[in-house]
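The structure appears below as structure tokens.
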Ligand SMILES: [Fe+2]
Ligand SMILES: [Fe+2]
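Okay, structure coming up:
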């Protein structure tokens, strides 16, 4: 095996060079990672120069270095946010204790599980998006896709570092498993449902980065509160990159909508598919799908696991440290929605058991902000997009499999199934139309006709910059 010069090949701020055992473990894992990247990362362009951002330190200047790089040579680094001196646990039974620098034996299995579940999502999305490079609407978009992909792979490195450094042999085995499960694999799928769905086209990609990467934001934000300090610091740094992924989604959908509005005005009709646009009804159906599968990622409305993770200090709430309450939640109640016969109602439950729902509520509020911005563009043509009811198209929790409409009514199951197919989720003809628009544009001066150009380029470069040397 060739030895790796970690300080040059793998930028890091965890002093890798001083830990021989850890180095050896990562040296054994690194070639497996590269094999995985080449086999299941982007289907093409692996030997092309891409204008990418690489983190080489956590400082203001260091975390966003731009330059051309071939993706297999990307410097996947390992970074923890700067430590907070004398950081204390901010919630749960250990509130006020010093944050943990090692894993307490009693929480080892639970912490490992949290790291593995988070880690599993990172390579999954790379696998889901691997064919999209064949149909990018512009070089700008192609570059953004690759940026998201290499950063998700860096997030995999972040979790693998924790597994190798803090979880011994089991951790090393789990790190290997992260490369063996594959998105959509019948025998060995990824752990969470949304990460086994296909991302067959760029409209799906933009909605995925808007809704599903945003779930990532909320999971990372609650793990960033963890009493286990290395996990907290890792997640804090990952959140910086995550913001770009959600930007790709939010701005991508804005640009699609902008083009849709232009075409509607030019042709004075909502039916713009014949003119190569994507109709608002189609956008709504794609939104319904990606939003509802992302809601499932938060888990059941009530959960003893979530309560235990919180009490133990493993996973906090969104913005835990800034909240003005007792951070124990032992006496508090929280309202969760439920299905009561053919009515959607709600009930008060102990707040500790409702932490999944509380995080989902925070997520929903965040999602709706982007939808409001999209609707400002759509206001020009008197249309709007809406987030469907939380009970719609769910596979997890109280609403799993229940015939709830996008506006929150419980209806006859046969009628619901028909509407699901014909009106509420992307129809076969939506998918066929969207796919028909997916022809690649690799000329830096051009862009596909179904999406507006971006307002600005990347890193102060012009929109027409050759972001990928094809
Ligand atoms: Fe990620
Ligand atoms: Fe992401």
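In my numbering, the protein residues as written are 3 to 472. Glycine included, each C-beta is placed from N, C-alpha and C at the ideal position. These numbers were taken from a predicted model, which means no experiment stands behind them.
Short Cβ contact (8 Å threshold) for residue i with residue j
i, j, result
"residue 134", "residue 446", "no"
"residue 112", "residue 311", "yes"
"residue 353", "residue 336", "yes"
"residue 220", "residue 320", "yes"
"residue 117", "residue 155", "no"
"residue 250", "residue 211", "yes"
"residue 185", "residue 126", "yes"
"residue 410", "residue 346", "yes"
"residue 55", "residue 149", "yes"
"residue 391", "residue 406", "yes"
"residue 124", "residue 161", "yes"
Residue i beta carbon near ligand 2 (any heavy atom closer than 7 Å)
i, result
"residue 218", "yes"
"residue 391", "no"
"residue 250", "no"
"residue 215", "yes"
"residue 346", "no"
"residue 150", "yes"
"residue 247", "yes"
"residue 154", "yes"
"residue 244", "yes"
Residue environment, residue i, which counts as buried when at least 16 other CB atoms sit within 10 Å
i, result
"residue 414", "exposed"
"residue 271", "exposed"
"residue 441", "exposed"
"residue 343", "exposed"
"residue 145", "buried"
"residue 27", "buried"
"residue 329", "buried"
"residue 74", "exposed"
"residue 293", "buried"
"residue 269", "exposed"
"residue 33", "exposed"
"residue 350", "exposed"
"residue 53", "buried"
"residue 132", "buried"
"residue 326", "exposed"
"residue 403", "exposed"
"residue 70", "exposed"
"residue 338", "buried"
C-alpha distance - residue i paired with residue j, whole-angstrom precision
i, j, result
"residue 437", "residue 334", "49 Å"
"residue 424", "residue 443", "32 Å"
"residue 187", "residue 115", "21 Å"
"residue 460", "residue 452", "21 Å"
"residue 372", "residue 182", "35 Å"
"residue 96", "residue 316", "10 Å"
"residue 204", "residue 421", "25 Å"
"residue 60", "residue 88", "20 Å"
"residue 340", "residue 288", "25 Å"
"residue 226", "residue 273", "46 Å"
"residue 255", "residue 23", "46 Å"
"residue 84", "residue 234", "10 Å"
"residue 474", "residue 428", "This structure cannot speak to residue 474, because the chain is shown only from 3 to 472."
"residue 3", "residue 29", "In this prediction, residue 3 has a pLDDT of 36, which is less than 50 and means its spatial position is unreliable; nothing more can be read from the coordinates."
"residue 279", "residue 450", "10 Å"
"residue 36", "residue 177", "14 Å"
"residue 14", "residue 31", "16 Å"
"residue 416", "residue 426", "14 Å"
"residue 222", "residue 163", "16 Å"
"residue 375", "residue 466", "26 Å"
"residue 267", "residue 455", "18 Å"
"residue 260", "residue 58", "36 Å"
"residue 434", "residue 230", "47 Å"
"residue 468", "residue 208", "21 Å"
Heavy atom of ligand 1 within 7 Å of residue i beta-carbon
i, result
"residue 157", "yes"
"residue 161", "no"
"residue 124", "yes"
"residue 136", "no"
"residue 440", "no"
"residue 240", "yes"
Residue i beta carbon near ligand 3 (any heavy atom closer than 7 Å)
i, result
"residue 129", "Ligand 3 is absent from the structure shown, which contains only ligand 1 and ligand 2."
Proximity test, Cβ basis, 8 Å: residue i and chain D
i, result
"residue 146", "The structure shown contains no chain D; it holds only a single protein chain."
Three-pair Cβ contact test at 8 Å for the stretch 194–210 versus the stretch 48–62: Short answer: they don't touch.
Contact the stretch 97–117 vs the stretch 72–80: 3+ CB pairs below 8 Å: no
Cβ contact check for the stretch 375–385 and the stretch 396–409: 3 or more pairs under 8 Å: no
Stretch pair the stretch 354–368 + the stretch 297–309: three plus CB contacts closer than 8 Å: yes
Three-pair Cβ contact test at 8 Å for the stretch 243–252 versus the stretch 158–169: no
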